[in-house]
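Sequential numbering from 648 applies to the sequence shown in my numbering. Don't be surprised by glycine CBs; every beta carbon is placed ideally from N, CA and C.
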Amino acid sequence: MNVELTNGILHLHLSTPREMEVIRLAATAYADRLAAAELANRTYHMGSKPTPDRGYDDRLTARTGLSASTCYEYLRLDAKRGGLVGRQVGTKWLITEEAVRAFEGRQKQAA
């Protein structure tokens with residue numbers, strides 16, 4: 648390994664095996680961040696069929712393991728009373744992954 652400082656710029660020269668290890672670590676970290684971002688951007692609905700081409704089952708009942716009637720009960724409660732935060736658009740509900748995780752955290756604290 649060779650390190651040089653030129654005009655305030657640090658130049659790091661690695662051996663080929665070490666370069667490959669650094670590239671592998673950077674690629675792994677990048678892939679992990681992409682996967683986490685994809686998961687965080689998921690949304691769920693109260694329908695009976697998954698949305699085609701989503702790559703995941705976007706039904707809230709599948710995500711939580713709760714029945715539809717139980718999900719509706721939690722959606723009608725506010726978060727302070729242990730409810731699930733969702734947005735009702737017309738007659739349909741839209742729930743984010745963040746809201747599901749917050750709900751699950753409150754459920755664990757209550758237990």
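7 Å or more divides the Cβ of Ala709 from the Cβ of Val732. Following the DSSP letters along the chain, one finds Tyr691 inside the beta strand (DSSP E) bounded by residues Thr690 to His692. By the criterion of a C-beta distance shorter than 6 Å, Met693 is surrounded in its chain by Leu707 and Trp740, once the five residues flanking it on both sides are discounted. With respect to the C-alpha of Phe750, the residue from Gln735, Lys727, Arg734 and Gly737 having the closest C-alpha is Lys727. The C-beta distance from Tyr703 to Arg689 rounds to 6 Å, short enough to fall under 8 Å.
Residue nearest to Asp725 within the set Arg753, Gly737, Ala715 and Thr738 is Arg753 (criterion: CA-CA distance).
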